[in-house]
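Heads up: the sequence shown begins at 1 in full-length UniProt numbering, then just goes up one per residue.
Virtual Cβ for every residue (Gly too), placed ideally from N, Cα, C.
Here the structure is a predicted model, which means the values were calculated and not measured.
Okay, structure first, notes after.
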Amino acid sequence: MNVKQFGLTKGRSTNGASVELIQQIFDAWEDSRDAIGVFCDLSKAFDYVHYDTLIRKLLHYGLMGQSLELLESYLTLTGRALTSNTYVNRAPALNNNRRRQGHGPAGPALCDGGADR
(Lines of atoms letter the chains of each structure in order from A and count residues from 1; the text may use other names and numbers.)
(Lines give C-alpha, C1' and ligand atoms only; values in the text may rest on other atoms or scores of the structure.)
Protein backbone atom coordinates (compact mmCIF):
# COMPACT_ATOMS: atom_id res chain seq x y z
CA MET A 1 0.00 0.00 0.00
CA ASN A 2 1.14 3.52 -0.74
CA VAL A 3 1.48 5.70 2.38
CA LYS A 4 -0.46 8.51 0.66
CA GLN A 5 -3.53 6.36 -0.02
CA PHE A 6 -6.62 7.05 2.06
CA GLY A 7 -9.80 5.00 2.13
CA LEU A 8 -10.06 1.23 1.65
CA THR A 9 -7.37 0.81 4.30
CA LYS A 10 -7.63 0.44 8.07
CA GLY A 11 -6.90 3.68 9.91
CA ARG A 12 -6.64 5.77 6.70
CA SER A 13 -10.12 7.22 6.14
CA THR A 14 -11.14 9.83 3.61
CA ASN A 15 -11.60 12.18 6.57
CA GLY A 16 -7.89 11.75 7.22
CA ALA A 17 -7.23 12.71 3.61
CA SER A 18 -9.22 15.92 4.12
CA VAL A 19 -7.27 16.78 7.26
CA GLU A 20 -3.93 16.19 5.51
CA LEU A 21 -5.01 18.24 2.47
CA ILE A 22 -6.08 21.20 4.62
CA GLN A 23 -2.82 20.98 6.60
CA GLN A 24 -0.71 21.01 3.43
CA ILE A 25 -2.65 23.97 2.00
CA PHE A 26 -2.28 25.86 5.27
CA ASP A 27 1.46 25.09 5.44
CA ALA A 28 1.92 26.36 1.87
CA TRP A 29 -0.06 29.51 2.66
CA GLU A 30 2.07 30.19 5.77
CA ASP A 31 5.25 29.78 3.69
CA SER A 32 3.89 32.01 0.86
CA ARG A 33 3.96 29.05 -1.54
CA ASP A 34 1.36 28.06 -4.10
CA ALA A 35 -0.77 24.98 -3.50
CA ILE A 36 -2.73 22.92 -5.98
CA GLY A 37 -5.06 19.96 -5.55
CA VAL A 38 -6.06 17.40 -8.16
CA PHE A 39 -9.18 15.39 -7.40
CA CYS A 40 -10.21 12.31 -9.37
CA ASP A 41 -13.23 10.08 -8.87
CA LEU A 42 -11.80 6.71 -9.84
CA SER A 43 -14.79 4.65 -8.70
CA LYS A 44 -15.56 3.22 -12.16
CA ALA A 45 -12.71 4.52 -14.27
CA PHE A 46 -10.89 1.21 -14.55
CA ASP A 47 -13.73 -1.32 -14.73
CA TYR A 48 -12.78 -2.60 -18.21
CA VAL A 49 -9.07 -1.84 -18.36
CA HIS A 50 -6.33 -4.46 -18.58
CA TYR A 51 -4.08 -3.80 -15.60
CA ASP A 52 -0.80 -4.69 -17.31
CA THR A 53 -1.69 -2.62 -20.39
CA LEU A 54 -2.60 0.40 -18.27
CA ILE A 55 0.61 0.27 -16.22
CA ARG A 56 2.77 -0.24 -19.33
CA LYS A 57 1.18 2.72 -21.11
CA LEU A 58 1.44 4.98 -18.06
CA LEU A 59 5.14 4.11 -17.79
CA HIS A 60 5.54 4.83 -21.52
CA TYR A 61 4.01 8.29 -21.05
CA GLY A 62 6.27 9.07 -18.08
CA LEU A 63 4.15 8.31 -15.02
CA MET A 64 6.36 6.76 -12.34
CA GLY A 65 7.26 6.90 -8.69
CA GLN A 66 4.64 7.64 -6.05
CA SER A 67 1.93 8.47 -8.60
CA LEU A 68 2.23 5.09 -10.29
CA GLU A 69 2.53 3.28 -6.94
CA LEU A 70 -0.66 4.98 -5.71
CA LEU A 71 -2.59 3.88 -8.79
CA GLU A 72 -1.25 0.31 -8.54
CA SER A 73 -2.22 0.21 -4.87
CA TYR A 74 -5.73 1.49 -5.67
CA LEU A 75 -6.26 -1.13 -8.36
CA THR A 76 -5.00 -3.94 -6.15
CA LEU A 77 -7.04 -2.96 -3.08
CA THR A 78 -10.32 -2.37 -4.93
CA GLY A 79 -10.13 -5.45 -7.14
CA ARG A 80 -10.62 -3.32 -10.24
CA ALA A 81 -7.54 -4.61 -12.04
CA LEU A 82 -8.16 -6.71 -15.14
CA THR A 83 -5.71 -9.29 -16.40
CA SER A 84 -6.21 -11.72 -19.28
CA ASN A 85 -9.89 -10.83 -19.65
CA THR A 86 -10.77 -11.77 -16.06
CA TYR A 87 -10.98 -9.56 -13.01
CA VAL A 88 -8.62 -10.23 -10.15
CA ASN A 89 -9.46 -10.07 -6.43
CA ARG A 90 -13.17 -9.54 -5.61
CA ALA A 91 -14.54 -8.36 -8.95
CA PRO A 92 -16.58 -10.64 -11.26
CA ALA A 93 -15.44 -12.10 -14.57
CA LEU A 94 -15.79 -9.84 -17.57
CA ASN A 95 -18.77 -10.47 -19.85
CA ASN A 96 -17.29 -11.43 -23.25
CA ASN A 97 -20.17 -9.86 -25.22
CA ARG A 98 -19.67 -6.55 -23.50
CA ARG A 99 -15.90 -6.71 -24.11
CA ARG A 100 -16.39 -7.08 -27.87
CA GLN A 101 -18.67 -4.04 -28.03
CA GLY A 102 -15.81 -1.60 -27.79
CA HIS A 103 -14.12 -0.15 -24.80
CA GLY A 104 -14.65 0.76 -21.19
CA PRO A 105 -15.15 4.18 -19.68
CA ALA A 106 -11.42 4.94 -19.81
CA GLY A 107 -11.42 4.80 -23.61
CA PRO A 108 -10.20 2.43 -26.31
CA ALA A 109 -6.50 3.23 -25.96
CA LEU A 110 -6.45 1.80 -22.43
CA CYS A 111 -8.61 -1.24 -23.15
CA ASP A 112 -6.99 -2.80 -26.19
CA GLY A 113 -5.68 -5.95 -24.53
CA GLY A 114 -2.03 -5.06 -25.03
CA ALA A 115 -1.66 -3.51 -28.49
CA ASP A 116 0.21 -0.22 -28.56
CA ARG A 117 -1.31 2.69 -30.45
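Residue i lies in the alpha helix (DSSP H); which residues open and close that run?
i, result
"T14", "T14 to E30"
Given 7 Å as the limit, tell me if residue i has its C-beta closer than that to any heavy atom belonging to the ligand GDP.
i, result
"L68", "Looking at this structure, you won't find the ligand GDP or any other ligand, since it has none at all."
I think residue i touches residue j, with their Cβ atoms under 8 Å apart; what is that distance to the nearest whole Å?
i, j, result
"L21", "G37", "6 Å"
"Q24", "A35", "7 Å"
Answer with yes or no whether the minimum CB distance from residue i to chain B is below 8 Å.
i, result
"K44", "Protein chains in the displayed structure number just one, and chain B is not present."
Can you tell which of the options has its C-alpha closest to the C-alpha of residue i?
i, options, result
"D52", "I25, T76, Q66 and S67", "T76"
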